[in-house]
Every structure is written in C-alpha cells, then in structure tokens.
Amino acid sequence: MATTAVTDASFKSDVLESDKPVLVDFWADWCGPCKMIAPALEELSEELGDKVTIAKMDIMENPGIPGEMGVQSIPYLVLFKNGEPAAQMRGAAPKGQLKQWLESEL
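Residue numbers (this note's numbering): 532 to 637.
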C-alpha cells in the first residue's frame with residue numbers, strides 16, 4: 532500500500548473520519564529533508580499498511596489545513612487517531628527511528 536495524497540478538501544474524510552490511524556506527512560517539493568524521508572515513508576506504508584495509513588500533504592498546494600494546525604517547519608509528521616492528533620514528530624529521521632516512533636504510538 533503506497534502513501535496517499537491528502538488535500539485541504541479531502542483532509543476531513545481521509546484523515547479525521549478514517550477508521551484507522553493516519554500519519555500525515557506535511558511536506559513541500561523544495562524541502563530536502565522531506566525528500567530524504569519520502570522513501571522510508573513509502574516502505575513503512577507497505578510494512579504497516581494494515582495498521583496505519585500514511586498520507587502526504589503538500590503544504591504549498593494545500594495551505595489551509597497546515598495553516599490551521601500551525602505547521603511552521605517541515606517535514607512535520609502528525610499521527611491522527613480517532614480524528615485527533617495523537618503524536619507528532621518534527622524533522623527528518625532514519626527509517627528505523629521513524630518506524631520505532633510510529634509503532635510505539637500505534
């Protein structure tokens with residue numbers, strides 16, 4: 532299962548109303564660290580797809596939700612459970628660290 536693109540318009544249905552946890556990666560095309568963690572997130576999506584949906588939101592194309600959430604630096608990962616932010620991580624990290632953090636929060 533690959534990562535899912537989420538937009539301002541689809542955020543409510545794709546993230547807040549999801550029946551399983553959703554990790555949202557707030558990113559932008561010009562962000563080097565965002566590009567560094569993208570392959571790891573794709574791999575984690577495959578490995579943990581039955582437990583969590585991994586979604587990506589381009590903050591340049593979708594400024595509404597990141598603005599509402601006060602996103603000031605990227606990459607910014609937010610895990611939503613039952614429609615509420617449950618955990619967050621700022622900055623890039625190696626895949627092993629991302630996986631360990633995510634599994635501990637699920």
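Every residue gets a Cβ at the ideal spot worked out from N, C-alpha and C, and that includes glycine.
Remember, it's a predicted structure, so these values are computed and weren't measured experimentally.
Where DSSP assigns a beta bridge to residue i, which residues make up the other side?
| i | result |
| --- | --- |
| F611 | V553 and P616 |
| T535 | A586 |
| W558 | D589 |
Our contact map puts residue i next to residue j with C-beta atoms below 8 Å; I'd like the distance itself, whole angstroms only.
| i | j | result |
| --- | --- | --- |
| E573 | T534 | 6 Å |
| A617 | L608 | With 8 Å as the limit, A617 and L608 do not qualify as a contact, their Cβ atoms being about 11 Å apart. |
Under the rule that 16 or more other beta-carbon atoms within 10 Å means buried, what is residue i, buried or exposed?
| i | result |
| --- | --- |
| L547 | exposed |
Among the residues of its own chain, which have a CB less than 8 Å from the CB of residue i, if the five just before and after it don't count?
| i | result |
| --- | --- |
| A586 | T534, T535, A536, V537, D545, V546, V553, L554, V555 and D556 |
| D589 | A536, W558, A559 and D560 |
| A623 | P564, C565, M567, I568 and P606 |
Looking only at its chain, what residues have a beta carbon closer than 6 Å to the beta carbon of residue i, apart from the 5 residues adjacent to it on each side?
| i | result |
| --- | --- |
| K582 | L637 |
Within its chain, find whatever has a CB closer than 7 Å to the CB of residue i; leave out the 5 residues flanking it on each side and keep chain order.
| i | result |
| --- | --- |
| G595 | D539 |
- Task: Run through the region 565-596 for me and flag every whole beta strand (DSSP E) of 3 or more residues, listed as ranges in chain order.
- Result: 584-589
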